[in-house]
Amino acid sequence: PAAIYKIPRAPPDKILGLTEEFNKDKNPNKTNLTVGIYKDNWGHVTTFPSVARAQMVLDQSFEMNTDLSYLPIEGCPDFQSNVLQFLYKESCPEGAEFLSKNRISFVQTLSGTGALAVASKLLSLFMSKAVWIPNPSWPNHANVFQNNGFKRINYYTYYRDGGLDVDSWLQDLEQAVRDGDGSPQCIVLHACCHNPTGVDPSLEQWRTILDKINELNLIPIIDMAYQGLDTGDLHKDAYLLRMSLDEERYQWPNGLFLCQSFAKNMGLYGERVGSLSVVTPADTELKLNIDSQLKKIVRGMYSSPPGYGSRVANVVLSNPELKKTWFKDVQNMASRLQYVRAELGKRLDWPLLNNTRANHGMFLYTGLDPSKVDQLRRNHSVYLVQDGRLSLSGLNDSNLDYVCDALKKVSE
Ligand code: PLP
10 PAAIYKIPRA
20 PPDKILGLTE
30 EFNKDKNPNK
40 TNLTVGIYKD
50 NWGHVTTFPS
60 VARAQMVLDQ
70 SFEMNTDLSY
80 LPIEGCPDFQ
90 SNVLQFLYKE
100 SCPEGAEFLS
110 KNRISFVQTL
120 SGTGALAVAS
130 KLLSLFMSKA
140 VWIPNPSWPN
150 HANVFQNNGF
160 KRINYYTYYR
170 DGGLDVDSWL
180 QDLEQAVRDG
190 DGSPQCIVLH
200 ACCHNPTGVD
210 PSLEQWRTIL
220 DKINELNLIP
230 IIDMAYQGLD
240 TGDLHKDAYL
250 LRMSLDEERY
260 QWPNGLFLCQ
270 SFAKNMGLYG
280 ERVGSLSVVT
290 PADTELKLNI
300 DSQLKKIVRG
310 MYSSPPGYGS
320 RVANVVLSNP
330 ELKKTWFKDV
340 QNMASRLQYV
350 RAELGKRLDW
360 PLLNNTRANH
370 GMFLYTGLDP
380 SKVDQLRRNH
390 SVYLVQDGRL
400 SLSGLNDSNL
410 DYVCDALKKV
420 SE
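Mind the numbering: the sequence shown is residues 10 to 421 in full-length UniProt numbering, read in order.
What follows is the structure, encoded as structure tokens:
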């Protein structure tokens, strides 16, 4: 038979496949708590006021809105300066020195996933084909690294028996280095609001973890998809980046990779707006080499990023009034997620949920096993991800009672 018949059927995406099923469900009480998209108390995906205003500014500006030509391979120059300023001066003042020494390579990417794709391609071409991902993690991590040349996808213990297990995490890393062949290995760190568990290490625990990663010479890849959704303060939530860029403590001889997304904190999901930055250990020459390779990778992958979303982000980031509004928008989103969490805690006297207030961000790891998740879906039309992850943003005043009732019934 022709070679085309060698293509086997791939399993459906674990999360997006469920939404297809949800759309077909006829139950009027059906509730979709699968995807990580923020919805307001009325169940709507709304545009943040800051972003809507930025869109109006663009609409009214002939100059800003009529240029539909290609962006440069590395993205819009204004976007680069705005984002670098936001990340490495405002969110992480420790980064200013790296910027002034010209030690940060940057490309605008197709959101956080695109940043991970470009980072993993660069790493696998020149530096490393082994990566450590938390267990559990966002399922697409393994997929992206595999698709971009990584040969060894390994998992470090992150969450076990209903909680974070830092001791096992560090033991796994030590073992990895002992068993390795001496070539560099990478490690993915969720900057905050760990997906899917919603449980993050404390600052003290992060200090210990970073010390160990540094000692073992692993290459840190910080995945910051939820900046602002933890405390509601965009700047505050960049604590892992701030801690990592303490040069007296860590030199990161193979660089530090930051994959950053505006999907969640600007609600720009479908516009694909984000960035990859590589903090290099040395001088400008090295940065220029990395810049050139990043451009070569992007050119071969998708040529250049889309324009509109980055223009919206530019307006928000460069207009002081809109920026202030954006900070408020993010604060409101985080507060609503905290409110929903508290309401769940009030309604469910459920040991698995005792931890509710210690969790952060958009997700709650219910601890329900796949058969209970199936029961929830089949008997009550309440959709969670198979691993028991519940997206809090789908809960609101109209469905909290119904969902809590269903959760109680399946966990009896
Ligand atoms: N990393 C994590 C942990 C995520 O949860 C997500 C999105 O759900 C992403 C990265 C990337 O998202 P996007 O490509 O939409 O920015």
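Every residue, glycine too, gets a C-beta built ideally from N, C-alpha and C.
Could you check the C-alpha separation between residue i and residue j for me, to the nearest Å?
i, j, result
"residue 408", "residue 40", "8 Å"
"residue 302", "residue 400", "37 Å"
"residue 110", "residue 230", "21 Å"
"residue 380", "residue 357", "20 Å"
"residue 198", "residue 161", "17 Å"
"residue 94", "residue 327", "10 Å"
"residue 266", "residue 287", "5 Å"
"residue 368", "residue 195", "26 Å"
"residue 47", "residue 173", "25 Å"
"residue 96", "residue 354", "34 Å"
"residue 150", "residue 165", "13 Å"
"residue 299", "residue 114", "7 Å"
"residue 305", "residue 116", "11 Å"
"residue 296", "residue 90", "16 Å"
"residue 276", "residue 318", "10 Å"
"residue 259", "residue 92", "24 Å"
"residue 329", "residue 52", "30 Å"
"residue 422", "residue 13", "This structure leaves residue 422 out entirely; the chain is present only between 10 and 421."
"residue 33", "residue 49", "23 Å"
"residue 118", "residue 270", "9 Å"
"residue 365", "residue 331", "Confidence is the limiting factor: at residue 365 the pLDDT is only 47, short of 50, which leaves the residue's position unreliable, though a coordinate-based value still follows. If you take the alpha carbons of residue 365 and residue 331, they lie about 33 Å apart."
"residue 406", "residue 44", "19 Å"
"residue 257", "residue 421", "53 Å"
"residue 383", "residue 19", "22 Å"
"residue 419", "residue 38", "16 Å"
"residue 242", "residue 248", "11 Å"
"residue 30", "residue 370", "25 Å"
"residue 98", "residue 294", "23 Å"
"residue 375", "residue 350", "12 Å"
"residue 279", "residue 54", "12 Å"
"residue 10", "residue 21", "25 Å"
"residue 183", "residue 16", "39 Å"
"residue 262", "residue 390", "51 Å"
Residue i and residue j look like a contact to me (Cβ under 8 Å); what is the Cβ gap, rounded to whole Å?
i, j, result
"residue 202", "residue 235", "4 Å"
"residue 112", "residue 289", "5 Å"
"residue 254", "residue 221", "In fact, because the Cβ distance is near 17 Å, the residues do not count as touching under 8 Å."
"residue 325", "residue 60", "6 Å"
"residue 427", "residue 398", "Outside the modelled stretch of the chain, which goes from 10 to 421, sits residue 427, for which no answer is possible."
"residue 191", "residue 228", "Wrong, their Cβ atoms sit about 14 Å apart, outside the cutoff."
"residue 167", "residue 143", "4 Å"
"residue 385", "residue 393", "6 Å"
"residue 27", "residue 403", "Wrong, their Cβ atoms sit about 12 Å apart, outside the cutoff."
"residue 145", "residue 414", "About 27 Å; that fails the 8 Å criterion."
"residue 80", "residue 316", "5 Å"
"residue 163", "residue 185", "6 Å"
"residue 107", "residue 139", "The Cβ separation is near 26 Å, so there is no contact."
Going by CA-CA distance only, name the one from the options that's closest to residue i.
i, options, result
"residue 238", "342, 144, 384", "342"
"residue 378", "167, 136, 171", "171"
"residue 251", "105, 353, 19, 226", "105"
"residue 244", "274, 84, 208, 122", "274"
"residue 417", "318, 396, 388, 259", "388"
"residue 36", "211, 419, 354, 411", "411"
"residue 283", "120, 321, 28", "120"
"residue 141", "293, 226, 402, 91", "226"
"residue 100", "145, 375, 23, 336", "336"
"residue 124", "383, 394, 272", "272"
"residue 281", "53, 34, 122", "122"
"residue 233", "257, 396, 200, 256", "200"
"residue 137", "403, 157, 146", "157"
"residue 58", "98, 322, 223", "322"
"residue 133", "154, 146, 145", "154"
"residue 187", "68, 278, 240, 224", "224"
"residue 285", "83, 25, 38", "83"
"residue 334", "23, 56, 16, 17", "56"
For residue i, verify whether its CB is less than 7 Å away from any heavy atom of the ligand SAH.
i, result
"residue 333", "In terms of ligand content, the structure shown lacks the ligand SAH and carries the ligand PLP instead."
At a Cβ threshold of 8 Å, is residue i touching chain B?
i, result
"residue 229", "As a matter of chain content, chain B is missing from the structure shown, which is built from one protein chain."
Could you please go through the chain and list the residues whose beta-carbon is closer than 5 Å to any non-hydrogen atom of the ligand PLP?
In chain order, the qualifying residues are 45, 120, 121, 122, 147, 204, 232, 234, 270, 272.
Is it the case that the segment 345-360 contacts the segment 301-321, given that we only count it when at least three CB pairs across the two stretches are under 8 Å? no
At a cut of 8 Å, does the segment 206-223 reach the segment 115-135 through at least three beta carbon pairs? These segments do not touch.
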